[in-house]
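In our numbering, the protein residues as written are 20 to 730. Quick reminder that beta carbons are idealized off the backbone N, C-alpha and C, glycines included.
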């Protein structure tokens with residue numbers, strides 16, 4: 020007679036190593052007439068045997084050491100009792116989970132670098148087959164059991180429950196984001212969506228859209244800070260769904276979904292340049308113990324370092340609004356790092372560099388300071404030495420101020436608390452110059468025919484970038500450089516150059532002023548120079564004001580006149596004349612009139628005399644003319660007149676008779692009605708002789724008269 024069996028009982032034994040799991044199964048089975056054999060089937064469905072098939076047991080209560088190939092899911096056990104006649108009876112039981120792994124989960128820090136020494140933030144999602152018996156959290160400088168120097172181990176409840184949040188008045192959806200969701204995590208969760216994509220003005224608005232749905236429908240959301248795209252997601256990050264980098268997406272998880280908990284500590288005093296870890300200890304009902312840790316969070320409280328700074332006029336730390344350091348138009352993605360700002364942290368270092376600094380440079384050439392440029396559509400700069408040993412550099416911003424002074428700001432890459440920055444204001448100006456220089460004049464040109472050295476001065480300037488050089492060339496006209504091609508000279512207002520110049524040819528001096536942006540202006544001397552080693556050919560100097568006529572006598576005592584002709588120079592021409600007068604036939608005697616200059620087109624000159632210098636009667640005076648040629652080294656020749664005698668007295672009168680009768684007889688009557696004849700004698704002048712006579716015929720009183728002159 021066969022007896023029935025009660026349902027079986029099964030349990031996984033606690034306190035063992037997870038690599039050597041055991042379970043105990045027991046059943047009440049007996050037969051009063053024969054022996055009973057016991058067999059065990061294990062499956063993932065009731066009555067199944069896909070995990071274990073008819074394993075013979077040693078008795079009604081057996082501890083099975085065999086490690087099953089399936090874990091983490093409910094297992095169904097079937098005990099089969101068989102007597103000697105082959106008749107069987109069955110008893111069933113199940114194990115909610117067969118756990119052969121340590122408690123695990125995802126401990127996600129919200130950032131790995133921070134400039135806020137008061138705050139640590141992280142969240143954990145537990146993946147565990149068995150219920151947790153104990154869970155604890157700690158924060159310290161290392162991982163595992165000893166990582167609790169900052170926050171000592173404290174018990175944490177990880178029971179699944181739907182959190183009830185009291186948001187209150189929240190017009191901008193700041194509170195719903197802060198209280199109902201974890202902090203942002205870089206990336207986009209690829210998982211089924213809870214609805215169509217929308218555009219929201221802020222992640223808070225996207226959080227509100229997710230919070231309005233049941234927690235089983237919207238578990239997390241993605242928000243793109245580039246195009247404001249909002250994606251509501253039906254899952255959280257785990258074994259099946261992962262985050263990946265995509266655009267400017269940030270991912271937020273909803274709190275209270277599954278075994279997820281957020282940790283926020285905001286009253287800490289964290290140390291600079293220390294790595295801090297969140298540690299989470301889990302002990303399940305099987306006494307499996309595991310500690311999982313977040314990635315290290317580095318606290319960085321110093322601004323980026325710079326290259327060499329010398330003679331700085333300012334160098335100080337200050338507190339500035341985080342967004343003011345961000346170039347919002349060019350890098351809107353950087354704005355997301357302005358979160359968790361600590362108002363007590365000095366987040367900005369301002370430096371105004373000085374001479375000798377090697378950090379910020381004008382222009383595109385590395386480590387080279389460009390002071391002047393022609394480019395007026397862009398500004399270029401380069402820098403060296405910016406570094407942040409703790410958190411690295413997020414990037415650089417550059418700005419231009421006033422007469423173009425370059426300012427470079429380096430921002431470090433802390434992910435929480437806002438980036439720390441260092442700004443270096445470069446004091447070397449960056450000048451844009453698109454105007455050529457000025458060459459006002461070239462003057463004081465000299466040439467030494469012995470040493471062959473040419474010297475000249477020029478008045479050139481550039482008010483913007485200054486002058487870098489002045490090129491020099493010699494030409495035979497104002498438009499060529501046939502005598503000497505352009506030669507580069509360092510800028511100097513006083514030019515000196517040695518070269519043998521052609522003789523007897525006009526040489527035009529040209530100077531090209533080159534400013535520091537290579538804009539150029541050519542200046543030409545007002546007149547050419549000529550190398551002429553011979554003096555002019557002397558001409559004739561005449562006394563008197565009539566050109567080409569030489570007077571021997573003059574009646575003027577207050578004026579001395581002269582004229583000259585036939586002075587010439589076949590190579591360089593006549594440049595000017597110098598005229599003087601003296602009382603002796605000596606070119607060096609100028610007691611009557613000092614040397615006076617006349618231009619080359621003048622050939623007559625009268626010198627007015629002042630009282631005390633009047634000419635004396637009976638004396639002879641001489642005029643001296645110096646002719647200077649047009650050569651660079653002017654040579655001259657001289658000519659002197661043969662003298663003019665001053666005659667201030669009238670001639671001595673002689674005798675006059677009417678008629679032309681031989682024997683000098685005077686007649687009283689004439690038979691000719693149309694002819695009057697006269698003769699005279701003994702007229703003379705002891706100084707200047709008689710030059711001409713004038714004859715005058717008069718009618719008797721009250722009768723018309725006329726006169727006639729004859730020489």
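The beta strand (DSSP E) spanning residue 197 covers which residue range?
Taking the first residue of the chain shown as 1, we reach residue 197 at position 178. That residue, residue 197, is in no beta strand (DSSP E); its alpha helix (DSSP H) goes 193-199.
Below 6 Å CB to CB, which residues in the same chain sit around residue 459 once its five sequence neighbours on both sides are set aside?
By 1-based counting over the chain shown, the position of residue 459 is 440. Excluding residues within five positions, the ones whose Cβ falls inside 6 Å are 478.
Under the three-state DSSP convention, the category residue 531 falls into
As a working note, residue 531 is residue 512 in the chain shown. Residue 531 falls in the strand class under three-state DSSP.
Cutoff 7 Å; reference residue 373; Cβ partners in own chain excluding five residues on either side
Stepping through the chain shown from its first residue, residue 373 is reached at position 354. Contacts found: 329, 330, 331, 332, 446.
Is the beta carbon of residue 213 closer than 8 Å to that of residue 251?
Taking the chain shown and counting its residues from 1, one reaches residue 251 at position 232. Taking the chain shown and counting its residues from 1, one reaches residue 213 at position 194. For residue 251 and residue 213, yes; Cβs fall inside 8 Å.
For a quick check, are the C-beta atoms of residue 319 and residue 431 less than 8 Å apart?
In the chain shown, the residue the question calls residue 319 occupies position 300. In the chain shown, the residue the question calls residue 431 occupies position 412. Yes. Within cutoff.
Could you have a look at residue 702 and say whether DSSP puts it in helix, strand or coil?
As a first step, residue 702 is located in the chain shown; it is residue number 683 there, counting from the start. Coil at residue 702, not helix or strand.
Given 8 Å as the limit, is there contact between the region 296-303 and the region 349-362, that is, 3 or more CB pairs closer than that?
no
Enumerated in chain order, which unbroken segments of the beta strand (DSSP E) with a length of 3 residues or greater are wholly contained in the region 277-339?
279-284, 294-303, 308-312, 316-318, 333-337
Using 8 Å as the Cβ pair cut-off and three pairs as the minimum, do the region 126-139 and the region 273-292 touch?
yes
Alpha helix (DSSP H) segments (min. 4 residues) lying fully within the region 21-109:
none
Segment limits, beta strand (DSSP E) that includes residue 140
Position 121 of the chain shown holds residue 140. From DSSP, the beta strand (DSSP E) with residue 140 extends over 139-146.
Locate the beta strand (DSSP E) running through residue 243, then write down its first and last residues.
On the chain shown, residue 243 is found 224 positions in, with the first residue counted as 1. Start and end: 239-243.
Look at the alpha carbon of residue 441 and the alpha carbon of residue 499, and state the distance between them as a whole number of angstroms.
For the purposes of this step, residue 441 is taken as residue 422 along the chain shown, with counting starting at 1. For the purposes of this step, residue 499 is taken as residue 480 along the chain shown, with counting starting at 1. Going from the Cα of residue 441 to the Cα of residue 499 covers about 56 Å.
I believe residue 403 touches residue 326 by the beta-carbon criterion, under 8 Å. Please report the beta-carbon distance rounded to the nearest angstrom.
The residue you call residue 403 lines up with position 384 of the chain shown. The residue you call residue 326 lines up with position 307 of the chain shown. Yes, residue 403 and residue 326 are in contact; Cβ-Cβ is about 5 Å, under 8 Å.
Is the beta carbon of residue 451 sitting closer than 8 Å to the one on residue 486?
Locating residue 451 in the chain shown gives position 432, where the first residue counts as 1. Locating residue 486 in the chain shown gives position 467, where the first residue counts as 1. It is not a contact, given that the beta carbons lie outside the stated cut-off.
Which same chain residues, not among the five before or five after residue 68, have their C-beta less than 8 Å away from its C-beta?
The sequence position of residue 68 within the chain shown is 49, counting from 1. Here the set comprises 60, 61, 62, 97.
Residue from 218, 257, 254, 268 whose Cα sits closest to the Cα of residue 241:
Start at 1 with the first residue of the chain shown, and residue 241 comes out as number 222. It is 268.
Distance, residue 608 Cα to residue 670 Cα
In the chain shown, counting from the first residue as 1, residue 670 sits at position 651. In the chain shown, counting from the first residue as 1, residue 608 sits at position 589. Straight-line Cα distance between these residues: approximately 31 Å.
By the DSSP assignment, the beta strand (DSSP E) with residue 625 in it spans what residues?
One-based indexing of the chain shown puts residue 625 at position 606. Start and end: 623-627.
Within its chain, find whatever has a CB closer than 7 Å to the CB of residue 484; leave out the 5 residues flanking it on each side and keep chain order.
Walking along the chain shown from the start, residue 484 turns up at place 465. Answer for residue 484: 391, 450, 452, 534, 535, 536, listed in chain order.
How about residue 612 and residue 626: are their beta carbons less than 8 Å apart?
By 1-based counting over the chain shown, the position of residue 612 is 593. By 1-based counting over the chain shown, the position of residue 626 is 607. Yes, the pair counts as a contact, with Cβ atoms nearer than the cut-off.
Whole angstroms are fine: how far does the CA of residue 141 sit from the CA of residue 72?
Your numbering for residue 72 matches position 53 in the chain shown. Your numbering for residue 141 matches position 122 in the chain shown. The straight-line gap from Cα to Cα measures roughly 46 Å.
Am I right that residue 114 and residue 200 are in contact with their C-beta atoms under 8 Å? What's the rounded C-beta distance?
Taking the chain shown and counting its residues from 1, one reaches residue 114 at position 95. Taking the chain shown and counting its residues from 1, one reaches residue 200 at position 181. The pair is not a contact, with the Cβ atoms about 36 Å apart (cut-off 8 Å).
Leaving aside the five residues before and after residue 377 along the sequence, list all residues of the same chain whose C-beta is less than 6 Å from its C-beta, in chain order.
Indexing the chain shown from 1 puts residue 377 at position 358. Within the same chain, residue 377 has close Cβ partners 326, 327.
So what's residue 226 in DSSP terms, helix, strand or just coil?
The residue you call residue 226 lines up with position 207 of the chain shown. Note: residue 226 maps to helix in three-state DSSP.
Three-state secondary structure (DSSP) of residue 248
Stepping through the chain shown from its first residue, residue 248 is reached at position 229. Reduced to three states, the DSSP call for residue 248 is strand.
Can at least three beta-carbon pairs, one atom from the region 562-569 and one from the region 509-517, be found at a separation below 8 Å?
no
Any 3 or more C-beta pairs closer than 8 Å across the region 227-236 and the region 161-170
no
Top-ranked residue by Cα proximity to residue 308, from 398, 44, 164:
By 1-based counting over the chain shown, the position of residue 308 is 289. Of the candidates 398, 44, 164, the one whose C-alpha sits nearest the C-alpha of residue 308 is 164.
At least 3 beta-carbon pairs within less than 8 Å: the region 577-592 vs the region 676-690
no
Secondary structure, beta strand (DSSP E): runs of 3+ residues fully inside the region 448-495:
457-466, 472-480, 486-494
If I measure Cβ to Cβ from residue 510 and keep anything under 7 Å in the same chain, skipping five residues before and after, which residues do I get?
Counting from 1 along the chain shown, the entry for residue 510 is found at position 491. Here the set comprises 486, 487, 488, 489.
Do residue 540 and residue 456 come within 8 Å of each other at the CB atom, strictly closer than that value?
Here residue 456 is taken as the residue at index 437 of the chain shown, counted from 1. Here residue 540 is taken as the residue at index 521 of the chain shown, counted from 1. Result yes, Cβ atoms of residue 456 and residue 540 sit closer than 8 Å.
List, from N- to C-terminal side, the alpha helix (DSSP H) runs of 4 residues or more that fit wholly inside the region 347-372.
none
Tell me the rounded alpha-carbon separation between residue 20 and residue 31.
The residue you call residue 20 lines up with position 1 of the chain shown. The residue you call residue 31 lines up with position 12 of the chain shown. For residue 20, the predicted structure reports a pLDDT of 38, less than 50, and the residue's modelled location is therefore unreliable. A value from the coordinates is still provided. Approximately 34 Å between the Cα atoms of the pair.
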